[in-house]
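Put into structure tokens, the structure is as follows:
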């Protein structure tokens, strides 16, 4: 391990006693050597990786650390901090140091004995006495990794000989300039093990230095160009020897048909000591080529039928893909570098490592949009993709205006100059409009999102006819439709939202994009919840919980959050609090402050509904802090609205008229603040809710004219958008008329309220019946799938069907069309007869089963 790698610290900071008793941790793991090869992704320039003073973490990370330390220790300490790092001097005053050396002697003896027992090494021989073993442990500094490397060689080499060889080799690994010398024995141990390897293992040794931490065996053999037939015996022998000497560990992983080779922590650094390695352009190009294929496998899985497998692949190969991206950019392979960086960014996003995602996108953009590159002829597809990825991370960091300006500048340049190679920029323009609309929607300006999203949809539809772009265009068409559905939902246009969301889901189902199917189901459930169609929404959420199998922490958190909202709508506030707390924990674990902010707000409202007003106030305060930090105007409006409702609740609980009036005036101020933001954003549904709350407040204050003015304004918006919550406004108007003593008007509003409630209840009953029919349909699909499998097995084995299967198939053939035709189709399959065309008019799931069976035959 070279000196510059040794000086990279790991800082793992755990804090106790944070607000709301929620433990928080900050892990500066991106400074680890595994992420530090060459010019590693994660920052804009070299200075961000190697700041002055030899500490291997960035200026930004170091500043955060000092700020956090001061916050925790100045004045009244609010917590404790545990820091583990490699340099002995942390630069933090008052830290109690606890130096960590090698193992204690009893522990190192225990480890040595365990390895000797595992390797069946006889120590009841001359030269293997306890004193000799003690001398060896002294030479190894009781370092567990050194013991692991050296112990297997005791089978053929006595400890005194090993000590003598170490004395000869140690000076080679001494570094007078190093801040510490702890690793000299470890490096010597590694070199000692390496030079005893056989010819086959020595041949593969240089290839190992190209990989970080480990590699799937298939990719190593591809890179080393070891053909299976020619190298099978030699590689098997080399692998066995590397395992026996603890240089690698072999792992069999579920779902993979190739072994994973996990390297000893020091192996990669030592195998890279060849000074000519990085200058070998041919090998570097080969490495990039191998990992282009790995990247494609991961990308197709993440966006296809097996995203969990894609996440597992990325988790093992992340460091190697980072290295491949860096090498690709060094070799001017812009497309390869950009593609790999994009997939890494998607993986980091789903894994919840958002800070690392932000750093990687900034790094990729810097590689692809340098002044020199742009001067060569403008933008290419890779540069456009990198700009859009970086734009989104800027937005998530609270820089909405800058992000929008960047996209508009990109669109302007593409429309004026096109692509540098003269290619058609339609795809890049479509992606630009998609990102612009998405940012407008997430920034609370859904009214401004409609036009760019509709433009993106039109462009993607035009591209779906091109064979080379059809799949990419359809996937992004579905994404644009999903974003448009979100915008319609925010604007209260629920019929359009549902229709658009169903179209997006249909495309994703047809393409087999499992994660996006879950996203689509969750979106539809949100729309149904907003329409008070709770039974239908619950069914979609149940189906969407397959996200747990997708391996996507952010998506799982979002589903839990939205299920909490469904419980809230149904007045199941205890269940809502439970779901919100689960979601909050998940978002905090992955560092997603935007969703943490929204969940704090939702949790506060649920606590308020449970009567826990102080807890609600504390959660609103936390949500407000995050909203200010992120510059989220929509969330600031929501929090102001909810704080107004909290003040109303306090007023209604107060028996003191003066205090009651003060609470109500405070509530009015908060709601007015919220209304102003909603009107500025042209968010009509939420503006209607604010008008309704103001009407209620002024009624309680006895200012009936103001109350009526605001309530009628709310009703006008809600009726024009057919919002289901209009019944609440009818109820407020009923209460106002009653307080005024107008019995006729009160009866009229009461009738309207009850009619709307009856309408909503009837629709929910219909949804419940539809849900039961859907469950019956699912059973039918499973039964037909089982019959199809039985028919296929009978045909392949040229054997008759089992009696109970034949009876079920005969019963199916007696059913009305098209089920009877399905029975005839399966009977022909089982009888080894020619198979007719798949019957027309079948539900998609049944048609898919028969088409798959037909293709197999």
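In the UniProt record's numbering, the protein residues as written are 1 to 857.
Every residue, glycine too, gets a C-beta built ideally from N, C-alpha and C.
- When secondary structure is reduced to three states using DSSP, residue 214 falls in the strand class.
- Comparing C-alpha distances from residue 799 to each of 789, 830, 805 and 816 shows the shortest one belongs to 830.
- Counting along the chain, the unbroken alpha helix (DSSP H) around residue 166 starts and ends at 159-169.
- The Cβ neighbour count for residue 346, taken over all protein chains shown within 10 Å, is at least 16; the residue is labelled buried.
- Sequence-distant Cβ neighbours of residue 192 in its own chain, meaning closer than 8 Å and more than five residues away, are 149, 150, 153, 162, 165, 166 and 169.
- In this structure, DSSP gives residue 287 a helical state, which the three-state scheme calls helix.
- The straight-line gap separating the alpha-carbon atoms of residue 545 and residue 795 is approximately 37 Å.
- About 6 Å separates the beta carbon of residue 414 from that of residue 429, a gap short enough to meet the 8 Å contact definition.
- Here residue 250 is exposed, its C-beta having fewer than 16 other C-beta atoms within 10 Å.
- The DSSP-derived three-state label of residue 248 is strand.
- Counting only runs of 4+ residues, the alpha helix (DSSP H) found wholly inside the stretch 561-606 occupies 573-590, in chain order.
- Here the stretch 570-580 does not lie against the stretch 334-346, with fewer than 3 beta-carbon pairs under 8 Å apart.
- The count of Cβ pairs closer than 8 Å, one atom from the stretch 608-622 and one from the stretch 586-595, stays below three, leaving the stretches out of contact.
- In this structure, DSSP gives residue 534 a helical state, which the three-state scheme calls helix.
- Between residue 661 and residue 699, the alpha-carbon positions lie close to 12 Å from each other.
- About 13 Å separates the CB atoms of residue 692 and residue 734; that is not less than 8 Å, and the two are not in contact.
- In the same chain as residue 399, and ignoring 5 residues on each side of it, no C-beta atom comes closer than 7 Å to its own.
- Of the candidates 703, 758 and 724, the residue whose Cα lies closest to the Cα of residue 739 is 703.
- Distance between residue 196 and residue 252, taken at the CA atoms: about 27 Å.
- Spatial neighbours of residue 541 in its own chain (CB-CB distance under 6 Å, excluding positions within 5 residues in sequence) are listed in chain order as 525 and 563.
- By the C-beta density criterion, residue 482 is buried, having at least 16 other C-beta atoms within 10 angstroms.
- The beta carbons of residue 480 and residue 497 sit about 14 Å from each other, so the pair does not count as a contact at 8 Å.
- Here residue 288 has 324, 327, 328, 331, 333 and 336 as same chain residues with Cβ atoms under 7 Å from its own Cβ, once five neighbours each way along the sequence are excluded.
- Here the alpha carbon of residue 843 sits roughly 47 Å from the alpha carbon of residue 631.
- For residue 460, there is no enclosing beta strand (DSSP E); the enclosing alpha helix (DSSP H) covers residues 446-463.
- Around the beta carbon of residue 233, fewer than 16 other beta carbons sit within 10 angstroms, so the residue counts as exposed.
- Between residue 641 and residue 674, the C-beta spacing is below 8 Å.
- Each of 381, 436, 816 and 680 was checked against the Cα of residue 450, and the nearest Cα belongs to 436.
- Take residue 785, set aside five residues on each side of it, and the residues of its chain with a beta-carbon closer than 6 Å to its own are 849, in chain order.
- With contacts defined as CB atoms closer than 8 Å, residue 357 and residue 393 qualify as a contacting pair.
- The C-alpha of residue 267 lies about 7 Å from the C-alpha of residue 190.
- Our two residues, residue 760 and residue 561, have alpha carbons roughly 24 Å apart in a direct line.
- Distance check between residue 623 and each of 557, 600, 833 and 355 places 600 closest, using alpha-carbon atoms only.
- The alpha-carbon separation between residue 310 and residue 350 amounts to approximately 11 Å.
- Where residue 260 is concerned, there is no enclosing alpha helix (DSSP H), although the beta strand (DSSP E) around it starts and stops at 260-263.
- Between residue 517 and residue 528 the beta-carbon gap is near 16 Å, outside 8 Å, which marks them as no contact.
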